[in-house]
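Notes for the one structure printed next.
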Amino acid sequence: MRLPPATSPSGAGLHVGHPEGYTATDILARYKRMRGFNVLHPMGWDAFGLPAEQYAIQTGTHPAETTARNVARFRQQLKMLGFSYDWQREVSTTDADYYKWTQWIFLQLFKKGLAYQAEVPVNWCPALGTVLANEEVIDGKSERGSHPVVRLPMKQWMLKITAYADRLLEDLDDLDWADSIKEMQRNWIGRSEGAEIEFE
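The numbers in the sequence shown follow the working numbering, run straight up by one, and end at 318.
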């Protein structure tokens, strides 16, 4: 089974980076099929979130409309490029059959006390009107649009991954992932020892 990362259909069509990223998984899927493996190789669309929202704002069109149009165009272009995706198993984060399960998972986390609300410092981008992940902020500006970002406290939903930090970090070493991805995960898990003090 090979699952490519879900694509954000936040543009009028593919750019050169899309096929570059999909080629490796497609080669592997084809190779495994030729070797007799039963390969699950679907395409997925990450159609919620900042990229889709910003594209809708830029075009002055409702996100549902731009997302549907963009997914259709991306699908057409990927088929023209000859990728071997199993289009019968296509998924989108905007499909009720998909997000009902993400909502169900969230409810299970909430019931177990692993999802909770807390007021925490966040990266707020006034121009984009949203909170950004640390990875989306470069030198105090948003990765998308290079808008100023400020730190301020805000009530957020949190996941208690700290309860599993040691296990998550230890298990990273067993994954056949690129070192850069593992490092990103280590930074996201954020386990640290000691204290950091700033003097003025």
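All C-beta atoms, glycine included, are put in the ideal place defined by N, C-alpha and C. Remember, it's a predicted structure, so these values are computed and weren't measured experimentally.
Tell me which same chain residues have a C-beta within less than 7 Å of the C-beta of residue i, skipping the five on either side of it?
{"i": "Asp291", "result": "none"}
{"i": "Trp275", "result": "Ala233 and Gln235"}
{"i": "Tyr217", "result": "Thr211"}
Does residue i pass the burial test, meaning 16 or more other C-beta atoms within 10 Å, or should it be called exposed?
{"i": "His265", "result": "exposed"}
{"i": "Tyr173", "result": "buried"}
{"i": "Leu196", "result": "buried"}
{"i": "Trp295", "result": "exposed"}
{"i": "Trp222", "result": "exposed"}
{"i": "Leu168", "result": "buried"}
{"i": "Ala281", "result": "exposed"}
{"i": "Thr260", "result": "With the sequence shown as reference, residue 260 is identified as Ser, and Thr is not the correct amino acid for it. With 16 or more other Cβ atoms within 10 Å, it is buried."}
{"i": "Ala147", "result": "buried"}
In whole angstroms, what is the alpha-carbon distance linking residue i and residue j?
{"i": "Glu253", "j": "Thr185", "result": "24 Å"}
{"i": "Pro160", "j": "Glu318", "result": "54 Å"}
{"i": "Phe228", "j": "Leu286", "result": "20 Å"}
{"i": "Gly258", "j": "Val189", "result": "32 Å"}
{"i": "Gln176", "j": "Arg193", "result": "22 Å"}
{"i": "Thr69", "j": "Ser202", "result": "Residue coverage of the chain in this structure runs from 119 to 318, which leaves residue 69 outside it and unanswerable."}
{"i": "Tyr140", "j": "His180", "result": "28 Å"}
{"i": "Thr248", "j": "Leu199", "result": "35 Å"}
{"i": "Thr143", "j": "Met272", "result": "39 Å"}
{"i": "Glu301", "j": "Ala124", "result": "21 Å"}
{"i": "His72", "j": "Ser128", "result": "As shown, the chain starts at 119 and ends at 318. That puts residue 72 outside it, with no answer to give."}
{"i": "Glu208", "j": "Gly162", "result": "6 Å"}
{"i": "Lys230", "j": "Arg153", "result": "43 Å"}
{"i": "Phe224", "j": "Asp215", "result": "15 Å"}
The beta strand (DSSP E) that contains residue i, what's its start and end?
{"i": "Met272", "result": "Val268 to Leu277"}
{"i": "Ala233", "result": "Ala233 to Cys243"}
{"i": "Val249", "result": "Thr248 to Leu250"}
Please indicate yes or no: does the CB of residue i lie closer than 7 Å to some heavy atom of the ligand GDP?
{"i": "Thr220", "result": "The ligand GDP is not part of the structure shown, which contains no ligands of any sort."}
Checking 8 Å against the spacing of the C-beta atoms, do residue i and residue j come in under that value?
{"i": "Met211", "j": "Phe155", "result": "Note that residue 211 corresponds to Thr in the displayed sequence, not to Met. In this structure, Phe155 does not lie closer than 8 Å to Thr211 by Cβ."}
{"i": "Leu158", "j": "Asp204", "result": "yes"}
{"i": "Asn305", "j": "Arg269", "result": "no"}
{"i": "Ala170", "j": "Ser126", "result": "yes"}
{"i": "Leu250", "j": "Val238", "result": "no"}
{"i": "Arg191", "j": "Gly131", "result": "yes"}
Excluding sequence positions up to five away, which residues of its chain have a Cβ less than 6 Å from the Cβ of residue i?
{"i": "Lys278", "result": "Leu232"}
{"i": "Lys150", "result": "Val157"}
Kindly indicate the opening and closing residues of the alpha helix (DSSP H) around residue i.
{"i": "Thr280", "result": "Premise fails: Thr280 is in no alpha helix (DSSP H) and is neither H nor E."}
{"i": "Pro181", "result": "Pro181 to Leu199"}
{"i": "Glu138", "result": "Gly135 to Met152"}
{"i": "Ile315", "result": "Taken as a continuous stretch (DSSP letters only), Ile315 belongs to no alpha helix (DSSP H), as it is neither H nor E."}
{"i": "Ala170", "result": "Leu168 to Thr177"}
{"i": "Tyr216", "result": "Ala214 to Lys229"}
{"i": "Trp81", "result": "Since the first residue of the chain shown is 119 and the last is 318, residue 81 is not available in this structure."}
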